[in-house]
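Notes follow once the structure below has been shown.
2 protein chains.
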Amino acid sequence: MKRRDYGQYCGLARALDLVGERWALLIVRDLTIRPRRYTDLQAGLPGIPTNVLSTRLKELEQAGVVERRVAPAPQRGVVYALTPVGQDLEPVLLALGRWGSSQLGDPRPGDVISPDAAVLNMRANFQPAEAAGVTGSWEIHVGDLVAYAVLTDGEFESGIGPAPGKPDLVMTARLGADDVPSYRAFVKAAKSGKVDLVGPRELLDTFLRVFTVPKAA
Amino acid sequence: MKRRDYGQYCGLARALDLVGERWALLIVRDLTIRPRRYTDLQAGLPGIPTNVLSTRLKELEQAGVVERRVAPAPQRGVVYALTPVGQDLEPVLLALGRWGSSQLGDPRPGDVISPDAAVLNMRANFQPAEAAGVTGSWEIHVGDLVAYAVLTDGEFESGIGPAPGKPDLVMTARLGADDVPSYRAFVKAAKSGKVDLVGPRELLDTFLRVFTVPKAA
DNA sequence: CTGCATCCCCTCAGATACTG
DNA sequence: CAGTATCTGAGGGGATGCAG
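Which chain is which? The protein sequence lines are S and C, in order. The first sequence: position 205 = 205 (full-length UniProt numbering), numbered continuously. The second sequence: position 152 = 152 (full-length UniProt numbering), numbered continuously.
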């Protein structure tokens with residue numbers, strides 16, 4: 001299998017050789033949330049041709065970024081997961097995601113908003129400095145989307161779906177009719193008080209402090 | 001001009017829409033070092049077809065990443081430079097560069113090593129914590145490549161060519177016959193003492209502390 | 001000499017259909 | 001569920017042409 005490459009001895013060029021092909025980093029994005037099956041990835045990447053997904057998975061596997069596992073008895077089937085090398089891509093995803101977010105205006109009609117994107121966005125907004133020593137758990141509801149964040153003495157974990165265990169604060173955004181259920185929309189709603197809370201109110205401020213980027217001066 | 005896009009309301013997807021096309025980030029890489037002319041870019045990106053370079057520059061311009069300037073009297077001609085938005089991509093380049101470097105083995109025959117790659121690599125290795133309060137200037141020679149780094153009370157600047165002003169320390173790597181003149185090769189040489197110095201020896205240790213990533217335990 | 005535009009070829013993305 | 005097979009067309013790779 002001849003892979004075309006940039007032919008430069010350069011970290012950036014090598015990175016692009018490995019994960020620069022179309023769709024590759026979006027596949028990695030979905031896998032950072034949790035391991036997925038083939039059809040999960042298809043569903044999370046609207047518009048990806050099945051042959052491209054198939055090809056990318058093979059390439060990423062060969063690159064040592066993705067691991068193909070045959071799941072054991074209970075559910076059985078094929079599951080794709082990130083290798084440690086693939087997990088090391090998270091800073092890249094966050095850097096790209098932050099930059100892209102700053103270039104992201106209002107959603108255009110037809111834009112899909114996936115739960116994975118929302119969780120990535122929350123992670124990209126995470127402020128480790130503000131989180132130092134903080135413990136707590138939050139559950140986020142925006143439209144159909146449910147996600148959670150758990151802080152254990154500053155250690156951050158997040159994912160799609162209801163929080164594992166009982167969350168300290170459940171937050172449900174009250175969206176306008178036209179609002180798309182994104183992490184952005186949630187934060188916007190939360191900041192303007194358009195959010196229903198189940199739990200202590202102070203934890204909302206904590207959340208906003210730890211999980212949003214402060215406005216530049 | 002209809003640009004295909006991922007159709008996701010997601011920072012990462014948007015970033016890839018804007019700078020995810022082939023060659024785009026390598027063009028940005030070269031422009032982070034300094035503004036360039038069309039032919040400079042061609043020379044720095046061996047293998048890029050001229051029509052692709054032309055197309056990318058237009059796309060990047062439209063994306064607000066690159067600015068096309070018509071240089072005034074002295075040299076006259078067209079110069080491409082990064083806009084502030086484009087400069088904000090530096091964390092992305094560094095993150096990708098770091099990851100890619102970790103996946104970068106020995107240079108393969110035919111691999112080109114460009115000065116831009118070397119400077120990006122030095123920047124990616126920069127340790128702000130170690131640099132706090134440090135002032136000094138270094139000039140690096142590896143094969144034909146000359147680059148410099150200047151620290152002014154922790155503020156970091158770097159580029160291709162001889163240092164502006166008289167450098168505190170000039171370092172020239174003694175390469176083996178097979179060694180490719182990369183930043184990596186320089187660091188390797190410097191760490192093993194295979195480097196000729198003009199200036200105080202302690203500054204070499206300072207350099208290695210500030211401009212290399214410490215080995216993980 | 002710089003700064004592209006044009007042409008041709010061919011790979012690869014995109015879409016759909018189909019199979020173990 | 002997890003892909004493979006097949007077709008089409010856009011766009012990358014490479015060479016060349018040409019105006020300012």
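Ideal Cβ positions, reconstructed from N, Cα and C, are used throughout, including at glycine. Fair warning: this is a prediction, and the values are worked out from it, not measured in the lab.
Subject >> Neighbour list for residue 14 of chain C in chain S, Cβ cutoff strictly below 7 Å >> reply: 100, 103, 104
Subject >> Per-residue contacts from residue 84 of chain C into chain S (C-beta, under 9 Å) >> reply: Neighbours of residue 84 of chain C on chain S: none; closest Cβ ~11 Å, over 9 Å.
Subject >> residue 168 of chain S in three-state terms, based on DSSP >> reply: coil
**OP:** Sort S:75, S:209, S:6, S:148 by Cα distance to residue 129 of chain S and report the nearest one.
**Re:** S:209
**OP:** Using a Cβ-Cβ cut-off of 7 Å, state whether residue 115 of chain C counts as contacting chain S.
**Re:** no
Subject >> Cβ contact check for the segment 157–166 of chain S and the segment 4–19 of chain C: 3 or more pairs under 8 Å >> reply: no
Original post:
Which ranges would you report for the alpha helix (DSSP H) in the segment 169–197 of chain C if only whole runs of at least 4 residues count?
Top reply: 183–191
Original post:
residue 121 of chain C versus chain S: which residues are under 8 Å apart at the beta carbon?
Top reply: 10, 11
**OP:** Let me know the secondary structure DSSP gives residue 213 of chain S once reduced to three states.
**Re:** coil
Original post:
Across which residues does DSSP place residue 71 of chain S in a beta bridge pair?
Top reply: S:77
Subject >> Local Cβ density within 10 Å of residue 51 of chain S, reported as buried at 16 or more and exposed below that >> reply: exposed
Subject >> Spatial neighbours of residue 33 of chain S in its chain, beta-carbon cut-off 7 Å, leaving aside the 5 residues before and after >> reply: 116, 119, 159, 160
Subject >> the segment 172–184 of chain S in contact with the segment 22–31 of chain C per 3-pair CB rule at 8 Å >> reply: no
Original post:
Taking any Cβ of chain S, which residues in the segment 159–185 of chain C have a Cβ under 8 Å from it, in chain order?
Top reply: 180, 182
**OP:** Check whether the Cβ atoms of residue 181 of chain S and residue 142 of chain S lie closer than 7 Å to each other.
**Re:** yes
**OP:** Check the Cβ-Cβ distances between residue 41 of chain S and every residue of chain C, and say whether any is below 7 Å.
**Re:** no
**OP:** Have a look at the DSSP bridge pairing and note the partners of residue 82 of chain C.
**Re:** C:66
Subject >> Exposed unless 16 or more other CB atoms sit within 10 angstroms - verdict on residue 39 of chain C >> reply: exposed
**OP:** Closer than 8 Å by C-beta to residue 168 of chain C: which residues in its own chain qualify, once you throw out the five before and the five after it? Chain order, please.
**Re:** 136, 137, 138, 199, 200, 203
Original post:
By Cβ distance below 6 Å, which residues in the same chain neighbour residue 193 of chain C in space, the five residues on each side in sequence not counted?
Top reply: none
Subject >> Minimum Cβ-Cβ distance from residue 89 of chain S to chain C less than 7 Å >> reply: yes
**OP:** Go ahead and label residue 123 of chain C buried or exposed: buried means 16 or more other beta carbons lie within 10 angstroms of its beta carbon, across all protein chains shown.
**Re:** buried
Subject >> Residue-chain proximity (residue 97 of chain C, chain S), Cβ-Cβ < 7 Å >> reply: yes
Original post:
Who are residue 150 of chain S's beta bridge partners in DSSP?
Top reply: S:137, S:157
Original post:
Taking the Cβ atom as the reference point for each residue, do residue 86 of chain C and residue 65 of chain C lie within a distance shorter than 7 Å?
Top reply: yes
Subject >> Alpha-carbon spacing of residue 197 of chain C relative to residue 127 of chain C, whole angstroms >> reply: 22 Å
Original post:
Can you name the residues of chain C whose CB is closer than 8 Å to the CB of residue 92 of chain S?
Top reply: 92, 95, 96, 99
Subject >> Sub-7 Å separation of residue 77 of chain S and residue 37 of chain S beta-carbons >> reply: yes
Original post:
Going along chain C, which residues have a C-beta under 9 Å from residue 29 of chain S?
Top reply: 10, 12, 13
**OP:** Report the residue from C:165, C:140, C:6 whose alpha carbon sits nearest the alpha carbon of residue 44 of chain S.
**Re:** C:6
**OP:** Could you work out which residue in C:14, C:207, C:212, C:206 is closest to residue 108 of chain S when comparing CA atoms only?
**Re:** C:14
Subject >> C-beta atoms of residue 99 of chain S and residue 144 of chain C nearer than 7 Å >> reply: no
Original post:
Counting along the chain, where does the alpha helix (DSSP H) carrying residue 97 of chain C start and finish?
Top reply: 90–102
Original post:
Does the distance from the C-beta atom of residue 212 of chain S to that of residue 125 of chain S stay below 7 Å?
Top reply: yes
**OP:** Could you tell me which of C:133, C:35, C:47, C:59 sits nearest to residue 24 of chain C, measuring between CA atoms?
**Re:** C:59
Original post:
Is it true that the CB of residue 95 of chain C sits closer than 7 Å to the CB of residue 19 of chain S?
Top reply: no
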